[in-house]
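To start, the structure under review is shown below, and the notes come after it.
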Amino acid sequence: MKIVLIHGQNHKGSSYHIGRMIADKINTAKEVTEFFLPKDLNYFCLGCYNCIEDESKCPFYVKKKKIMDAVEQADLLIFTTPTYCMRASAPMKSFMDLTFTYWMVHKPRKCMFSKKAIVVSTAAGRGTKSAIKDITNTLLYWGVPYIRTYGISVQSMNWAQVPEKRKIQIQSDTDRIAKIFSEEQKTRVGIKTKLLFNMMRMMQKVGWGSSPVEKEYWESNGWLAKERPWNNKL
Ligand SMILES: Cc1cc2nc3c(=O)[nH]c(=O)nc-3n(C[C@H](O)[C@H](O)[C@H](O)COP(=O)(O)O)c2cc1C
Numbered sequence: 446m447k448i449v450l451i452h453g454q455n456h457k458g459s460s461y462h463i464g465r466m467i468a469d470k471i472n473t474a475k476e477v478t479e480f481f482l483p484k485d486l487n488y489f490c491l492g493c494y495n496c497i498e499d500e501s502k503c504p505f506y507v508k509k510k511k512i513m514d515a516v517e518q519a520d521l522l523i524f525t526t527p528t529y530c531m532r533a534s535a536p537m538k539s540f541m542d543l544t545f546t547y548w549m550v551h552k553p554r555k556c557m558f559s560k561k562a563i564v565v566s567t568a569a570g571r572g573t574k575s576a577i578k579d580i581t582n583t584l585l586y587w588g589v590p591y592i593r594t595y596g597i598s599v600q601s602m603n604w605a606q607v608p609e610k611r612k613i614q615i616q617s618d619t620d621r622i623a624k625i626f627s628e629e630q631k632t633r634v635g636i637k638t639k640l641l642f643n644m645m646r647m648m649q650k651v652g653w654g655s656s657p658v659e660k661e662y663w664e665s666n667g668w669l670a671k672e673r674p675w676n677n678k679l
């Protein structure tokens, strides 16, 4: 199993430790790759829209490609982010902006429709729910059909200070989550993803996409005809 962790922070705090703990506890042969933001992609989207016509024209293409190649090859994606002002961290948001052509409304990738993902966020008190939602929303629009989330209030500014009682709870919660992902099961694309895809398909079909390049992409995948990214024929 190929696991890619994307951390919305450079430091190894509570969010990092929980994400890493889950990856380490997954009980199957695995290859783990990690990216840290902003260290591995220290840019904001400039809004130039070059990527709409040609993704390689993004000024940050080379660094972004390194991460997205790993993402495309992964079976399981683990995202971690500290909760900052009730949302995901700014570097994580920036990463999502920089990869917006992967959204179903533009050029969804077939490989996404068979992936699994886990989204982890820690807060001192409140806000993990909305921080996690920032990321699950992107994953939904990428087409990832199976997403589990884990948010916890750690009452702390760093991992060392997390109260012992909380750490015991985290151990048992991460055991449970890792067990789910250790079991080999096929992902099934749900009705929500299918509905979204079909809406985007209709848009592309009538030429309401952002560029004729997008329509060509959908056509070349056979999605404007009978093919669907969750079918294994192509
Ligand atoms: C800029 C900033 C904003 C924060 N905003 C919140 C917040 O909205 N709610 C909260 O409960 N904790 C907030 N915190 C605390 C962190 O979410 C908390 O300490 C978290 O566990 C840190 O995760 P880490 O150890 O992975 O960095 C904030 C911390 C910082 C530095």
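In short: position in the sequence shown from 1, add 445, done, that's our numbering.
All residues carry an ideal CB built from backbone N, CA and C; glycine is no exception.
1. Drop a sphere of 10 angstroms on the beta-carbon of I471, count the other beta-carbons inside from all chains shown, and report buried for 16 or more, exposed for fewer.
2. Determine, using beta carbons only, whether R593 and I563 come nearer to each other than 8 angstroms.
3. Which word fits Y494, buried or exposed, when buried means at least 16 other C-beta atoms lie within 10 angstroms of its C-beta?
4. In this structure, how does DSSP classify P657 when only helix, strand and coil are distinguished?
5. Rounded to whole angstroms, what is the Cα-Cα separation between T546 and R621?
6. Grouping DSSP H, G and I as helix and E and B as strand, with all else coil, what is I471?
7. So, at 8 angstroms on beta carbons, what are the nonlocal neighbours of L679 in its own chain, with the 5 sequence-adjacent residues on each side left out?
8. Which of the three DSSP states, helix, strand or coil, is assigned to K610?
9. Tell me which residue opens and which closes the beta strand (DSSP E) that Y591 is part of.
10. Report yes if the C-beta distance between F480 and I448 is below 8 angstroms; otherwise report no.
11. For Y461, which of helix, strand or coil comes out of DSSP?
12. Alpha carbons only, please: which of S501, K475, L543 is nearest the one belonging to L482?
13. List the whole-angstrom C-beta distance separating L450 from T525, where the pair is believed to meet the contact cut-off of C-beta under 8 angstroms.
14. Within the present structure, is the beta-carbon of V599 separated from the nearest heavy atom of ligand 1 by less than 7 angstroms?
15. In or out: T573 buried (at least 16 other Cβ within 10 Å) or exposed?
16. Using DSSP with H/G/I as helix, E/B as strand and the rest coil, what is F524?
Per the coordinate set shown:
1. In the sequence shown, the residue the question calls residue 471 occupies position 26. Burial call: buried.
2. As a position in the sequence shown, residue 593 is number 148, starting the count at 1. As a position in the sequence shown, residue 563 is number 118, starting the count at 1. Against a cut-off of 8 angstroms, the Cβ pair of I563 and R593 comes out as a contact.
3. Taking the sequence shown and counting its residues from 1, one reaches residue 494 at position 49. By the neighbour-count rule (16 or more Cβ atoms within 10 Å), Y494 is not buried but exposed.
4. As a first step, residue 657 is located in the sequence shown; it is residue number 212 there, counting from the start. It is helical.
5. The residue labelled residue 546 in the question sits at position 101 within the sequence shown. The residue labelled residue 621 in the question sits at position 176 within the sequence shown. Cα to Cα, the separation comes out at about 34 angstroms.
6. Position 26 of the sequence shown, counting from 1, holds the residue named residue 471. It is coil, neither helix nor strand.
7. Within the sequence shown, residue 679 is the residue found at index 234, counting from 1. Any reading at L679 must be qualified, since the residue scores a pLDDT of 45, below 50, and its modelled position is unreliable; no value is offered.
8. To locate residue 610, count along the sequence shown from 1; it is residue 165. Looking at K610 - three-state DSSP - the assignment turns out to be helix.
9. On the sequence shown, residue 591 is found 146 positions in, with the first residue counted as 1. Y591 -> beta strand (DSSP E) spans 591-598.
10. Here the question's residue 480 lines up with position 35 in the sequence shown. Here the question's residue 448 lines up with position 3 in the sequence shown. Not a contact, by the Cβ cut-off of 8 angstroms.
11. The sequence position of residue 461 within the sequence shown is 16, counting from 1. Reduced to three states, the DSSP call for Y461 is helix.
12. Numbered from its first residue, the sequence shown carries residue 482 at position 37. Among S501, K475, L543, the Cα nearest to that of L482 is on L543.
13. On the sequence shown, residue 450 is found 5 positions in, with the first residue counted as 1. On the sequence shown, residue 525 is found 80 positions in, with the first residue counted as 1. That belief holds up - the Cβ atoms of L450 and T525 are roughly 7 angstroms apart, short of 8 angstroms.
14. Position 154 of the sequence shown, counting from 1, holds the residue named residue 599. Correct: V599 has its Cβ closer than 7 angstroms to ligand 1.
15. Residue mapping note: residue 573 aligns to position 128 of the sequence shown, counting from 1. Answer is buried; the Cβ neighbour count reaches 16.
16. For this step, residue 524 is matched to residue 79 along the sequence shown. Reduced to three states, the DSSP call for F524 is strand.
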